[in-house]
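Participant:
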Amino acid sequence: MLDRYIQLLREGEIVAFPTETVYGLGADAWNPSAIRKIFVRKERPTDNPLIVHVASIPAVEQFAREISADARTLMQRFWPGPLTLIFKKKPEVLDLVTAGLDTVGVRWPSHPLSQELIASAGPLAAPSANTSGRPSPTKAEHVREDFGEQFPVIDAGETAIGLESTVLDLSRKPYRIYRPGAVSVQDIEEALGKKVEQASGDNPPAENRSPGTKYSHYTPDATVRWLDVNETTAPDSGTLYLLHSRRPGREGSNIITYEGDFPQFARELYDRFRQADHRGYTTVAIEPFTGGEREDPLMPALENRIQKAIG
Ligand code: TXA
Ligand code: MG
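Just so you know, we're using our numbering here: the sequence shown kicks off at 1 and counts up by one.
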């Protein structure tokens, strides 16, 4: 089933493939002309580095200058899975991949088709398979929406997690999370037995260390906003409501209630953003997370993506 896609990658073409987080847009990590096609197709600024996708731990040695005991602990504990690790890079790693940084991000995704593809045609440099600034694709149809019906995409239905991987920088100390994801800060600290820093509004990463954080992300055309807790008026038909608790008087096709199922909320978020545009909603109003749900390990990732869409 993958033969055609393996062939395309070996010929220096780009192919969209499923991972457990979102669909990726892959190119041979050692082929500069293939990687250039990613930037052109996505209209991605060339100062935003790509993650290298591998299908084994030893494969990291091609890219990372050194692999610490902590790095090994994390790889053994969380790979394959939604955790990207940033290492000091080897000199031969292409500047196109790292955007000229002295570090490289590497991840081993767990989706079986991604593993098969990478094992045959990888390692693959791959960002999310969306036009820059659009929500990441969680379905093959999202990729076709952005890149056209004929674009080669390996269709494996909806992705399991729906939010991009956790990005953890191991090239500096203390280690720092640039992007929260399904592997939580607690998971990481527990595995390492030490604290890691989290980039936040108060503690922004230096732009030159994680260029991706300075770009707008994940935005539909509709305006995304937090629902005002005191909003008691009748629901507005031009607004898509994403709620996580049941609210009296709010029922209808434009009101989605997740009832505390945060994994499902995360899985569907980007699809809901895209649906809002297709269905002509001008606003997406999301119930803020203010109660016990803040303890949910997915919360920093979910809230981060919503906040980025709000801008
Ligand atoms: O789940 C994911 O990570 C998905 C799937 C396809 O694996 N990929 C993904 O890639 O979300 P992308 O390019 O959309 O986001 C990668 C993020 C960007 O914010 C980028 O700036 C950051 O990782 N990044 C990559 N290499 C880096 C590096 N060497 N230093 C700092 N940040 C890096
Ligand atoms: Mg992306």
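The beta-carbon is built from N, C-alpha and C at its ideal position, and this holds for glycine as well. The model shown is predicted, which means the values in this text are computed figures rather than measured ones.
Identify every run of the beta strand (DSSP E) within the stretch 215-255, keeping only runs that are complete inside it and at least 3 residues long; order them along the chain.
Facilitator: List check, beta strand (DSSP E) in window: 223-226 and 239-243.
Participant: So what's residue 205 in DSSP terms, helix, strand or just coil?
Facilitator: Its pLDDT being 48, under 50, residue 205 is placed unreliably in this model, and the value from its coordinates should be taken loosely. In the structure shown, residue 205 sits in coil (DSSP, three-state: anything other than H, G, I, E or B).
Participant: What I want to know is whether the C-beta of residue 5 ends up closer than 7 Å to one or more non-hydrogen atoms of the ligand TXA.
Facilitator: No, the Cβ of residue 5 stays beyond 7 Å of every heavy atom of the ligand TXA.
Participant: How big is the Cα-Cα spacing for residue 46 and residue 264?
Facilitator: Distance between the alpha carbons of residue 46 and residue 264: 33 Å.
Participant: Return the CA-CA distance between residue 36 and residue 13, expressed in angstroms with no decimal places.
Facilitator: Answer to the nearest angstrom: the Cα atoms are 10 Å apart.
Participant: Please classify residue 202 as buried or exposed, where buried requires at least 16 other C-beta atoms within 10 Å of its C-beta.
Facilitator: With a pLDDT of only 43 at residue 202, under the threshold of 50, the placement of this residue in the model should not be trusted; the figure read from the coordinates follows. The residue in question, residue 202, is exposed, as its Cβ has fewer than 16 Cβ neighbours within 10 Å.
Participant: Could you say which of 91, 108 and 259 lies nearest to residue 328 if we only look at CA atoms?
Facilitator: Since the first residue shown for the chain is 1 and the last is 311, residue 328 is missing from the structure and cannot be characterised.
Participant: Using 8 Å for Cβ pairs, my map puts residue 86 next to residue 169. What's the rounded Cβ distance?
Facilitator: So it is a contact: roughly 4 Å between Cβ atoms.
Participant: Leaving out five residues before and five after residue 165 in sequence, what residues of the same chain have Cβ atoms less than 7 Å from its Cβ?
Facilitator: For residue 165, where only same-chain residues beyond five positions count, the Cβ hits under 7 Å are 21, 82, 83, 84, 107 and 181.
Participant: What is the DSSP secondary structure of residue 132, reduced to helix, strand or coil?
Facilitator: Three-state DSSP puts residue 132 in coil, outside helix and strand.
Participant: For residue 261, name the three-state secondary structure that DSSP assigns.
Facilitator: Three-state DSSP puts residue 261 in coil, outside helix and strand.
Participant: Which residue from 123, 157 and 241 puts its Cα closest to that of residue 105?
Facilitator: The candidate whose alpha carbon is nearest that of residue 105 is 123.
Participant: Which same chain residues end up closer than 7 Å to residue 161 when comparing Cβ atoms and leaving out the 5 residues on each side of it in sequence?
Facilitator: Result list for residue 161: 20, 21, 82, 182, 266 and 267, in chain order.
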